[in-house]
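Under my numbering, read the sequence shown as residues 1 to 57, first letter to last.
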Amino acid sequence: MRFNEKQWNSANNKDILGVNIHHFMEMEGHSNHMEIAQEFGISIGEVKMLKKKINRA
């Protein structure tokens, strides 16, 4: 049951770490890591991880 709930959430939210990817990509062009982390309420390490994931896709 839990697996199905996670699958449903990931299909419907389209977010990673609770961050809207489209908004993240817009900010990525004109903001540094610290500003992005503060805007989304995540750590700098998570910002770097998101950038890696986006570059791989």
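Glycine residues also receive a C-beta, built at the ideal position from the N, C-alpha and C atoms.
Check	Outcome
DSSP state of ASN55 mapped onto helix, strand, coil	helix
MET49 to HIS23 span [Cα, whole Å]	16 Å
Cα-Cα separation between MET25 and GLY41, rounded to whole angstroms	16 Å
Cα-Cα separation between ARG56 and GLU39, rounded to whole angstroms	23 Å
Extent of the continuous alpha helix (DSSP H) to which HIS30 belongs	Note, HIS30: premise wrong, no alpha helix (DSSP H); not H, not E.
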